Amino acid sequence: MTVSLEQLRRCHFAVDLGAARTRVYVKGAGLVVDEPSAAAVNTRTGALIAVGEFAEKMTGRTPDYIRVVRPVSGGTVVDIEMAQRMLRHLLGEKLRRALRRKPRLRAAACTPHDADPLAQRAAVETLVGLGARRVELVDTLIAAAVGCGLPVEQPEATMIMVCGAATTQIAVLSLGAIVTAERIPVGGDAIDHAVVQHLRQHHELMLPSQSVRPLQLALSGNGLTPSGPEQTEIHGRDVATGLARSVHVDTSAVRRAIHTPLTAVLDGIGKVLRDCPPDLVADLADRGIMMVGGSALLPGLDQMLRDATGMPVHIAERPDVCAVQGLGAMMEGKIQPMVLDPLAD
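Per our numbering, the sequence shown starts with residue 75, numbered consecutively.
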């Protein structure tokens with residue numbers, strides 16, 4: 075871990091700033107914020123109009139002078155000032171006042187695996203702007219593994235796959251540390267983009283940005299698997315005329331379009347396993363892969379990984395909040411490190 079459990083126990087609140095959603099966990103109160111990482115700004119006055127769910131609904135539906143911005147990209151804060159303003163409004167005045175009363179306010183934050191020093195500094199400055207005197211950074215992979223109940227501190231291999239909006243992170247953990255890991259710039263957004271491009275090229279249909287994920291869920295119960303429905307009706311805008319139009323889409327073609335970006339994820343899993351010691355790989359044959367993150371809920375993705383790797387694949391009970399719940403468990407002192415007694419001479 076990048077930080078000791080003792081230091082995390084002194085923290086008062088934890089933040090998981092994701093490209094899709096922002097989550098805040100307050101010690102003693104639990105998860106208090108779970109909202110989209112979006113803010114709507116009036117470009118004429120600079121005033122903040124909306125944040126979170128309401129700002130997300132405004133995407134693609136605003137006049138010229140209102141812009142919906144996302145201050146976080148790929149787990150990295152790209153606009154510190156806007157991220158601070160968004161967090162202040164999401165927390166609310168009452169909660170901010172309660173946090174400010176804490177002597178020497180401490181915060182914890184998730185950072186993507188192998189985040190560069192600039193990305194780490196941006197996360198720290200964002201929380202310092204909220205009044206934190208000290209910020210502890212925890213690798214997202216470790217936090218998510220703790221949050222979904224994996225035995226991270228034991229001398230056994232556990233494999234975790236964090237499926238985010240912009241990136242997918244894969245790691246093998248043992249003894250509370252990362253043995254080998256890989257970060258792939260393919261996530262839920264890339265899969266959404268593949269569906270949009272397929273409909274544009276083969277059906278000359280432009281799909282509203284907020285309809286892509288419901289479309290993928292509409293392909294389920296069985297989603298990406300061949301036993302799903304053969305056709306799905308989709309409403310969108312004709313590329314040539316600009317008029318509203320409905321088409322019946324072959325779901326097997328959509329399935330093939332979705333599989334294309336996922337080949338990079340399969341390559342990443344293969345690389346992690348090749349770099350891993352054989353003893354740990356033997357553990358993984360029984361334990362398999364634990365999937366967390368919002369995109370882990372994509373229908374049929376777990377089955378695709380089972381077919382490709384031949385390993386068991388499990389989805390966490392609440393995959394979208396595992397990382398912040400893991401930070402919360404470490405802050406509350408629920409995780410005990412394995413104590414190694416030094417051998418006497």
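Even glycine gets a Cβ: it sits at the ideal position worked out from N, Cα and C.
Note that the coordinates shown come from a computational prediction; the quantities given were computed from them, not determined experimentally.
Would DSSP call M160 helix, strand or coil?
-> helix
With 16 other Cβ atoms within 10 Å as the buried cut-off, status of T150 | buried
With a floor of 4 residues, list each alpha helix (DSSP H) that falls wholly inside the region 200 to 257, ordered by position along the chain.
-> 214 to 221
My guess is that G407 and R83 are in contact by the Cβ rule of under 8 Å, so how many angstroms apart are they, rounded?
-> 5 Å
Kindly indicate which three-state DSSP category G120 falls into: helix, strand or coil?
-> coil
By Cβ distance, which residues of its chain are closer than 6 Å to A94, with the 5 residues on each side in sequence left out?
-> A239 and G368
Every unbroken alpha helix (DSSP H) inside the region 324 to 361 [4 residues or more] = 325 to 349 and 352 to 361
According to DSSP, is D153 helix, strand or coil?
-> coil
Run through DSSP, which three-state label would E304 get?
-> coil
Considering only residues of the same chain and omitting the five flanking positions on each side of Q399, which have a CB-CB separation below 6 Å?
-> G221
Among I265, R392, S111 and M385, which has the Cα closest to the Cα of V152?
-> S111
Do you know offhand how far G310's Cα is from D108's?
-> 30 Å
To the nearest whole angstrom, what separates the beta carbons of A183 and V209, a pair I think is in contact under 8 Å?
-> 6 Å
Reduced DSSP category for G400 - H, G, I as helix; E, B as strand; rest coil | helix
Enumerate in chain order the residues of its own chain whose CB-to-CB distance from R141 is below 6 Å, with the five nearest sequence positions on each side excluded.
-> V115 and T117
Best match in Q305, R207 and M364 for proximity to R329 [C-alpha to C-alpha] = Q305
Should G374 be labelled buried (16 or more other beta-carbon atoms within 10 Å of its own) or exposed?
-> buried
I think L215 touches Q243, with their Cβ atoms under 8 Å apart; what is that distance to the nearest whole Å?
-> 6 Å
For V100 and P177, the rounded distance between their alpha carbons = 15 Å
Look at the Cβ atom of M233, then the Cβ atom of L336, and state whether they are nearer than 7 Å.
-> no
Local conformation of R84 per DSSP, three classes | coil
Which residues mark the beginning and the end of the alpha helix (DSSP H) in which D376 is found?
-> L375 to T383
With V323 and R274 assumed to form a contact (beta carbons below 8 Å), what rounded beta-carbon distance in angstroms separates them?
-> Not confirmed; about 12 Å, so no contact.
Among G126, G148 and I123, which residue has its Cα nearest to the Cα of I258?
-> G148
Apart from the five residues on each side of it in sequence, which residues of its chain come closer than 6 Å, Cβ to Cβ, to G295?
-> Because the pLDDT at G295 is just 47, under 50, the model does not fix this residue reliably, and the value given afterwards should be weighed accordingly. Same-chain partners within the cutoff: there are none.
Could you please give the first and the last residue of the uninterrupted beta strand (DSSP E) stretch that includes L281?
-> Run containing L281: none; DSSP gives neither H nor E here.
Determine the burial state of A327: buried for a count of at least 16 other Cβ atoms within 10 Å of its Cβ, exposed for fewer.
-> exposed
Kindly indicate which three-state DSSP category G45 falls into: helix, strand or coil?
-> Residue numbering for the chain in the displayed model covers 75 to 419; residue 45 lies beyond these limits and cannot be assessed.
Can you check DSSP and say which residues form a bridge with H388?
-> M364
Could you check what DSSP says for E109 in three-state terms: helix, strand or coil?
-> strand
Candidates M365, D394 and D266: which alpha carbon is nearest A245's?
-> M365
DSSP state of S320, grouped into three classes?
-> strand
Which first and last residues belong to the beta strand (DSSP E) in which A183 is found?
-> R180 to T185
For A268 and A356, the rounded distance between their alpha carbons = 35 Å
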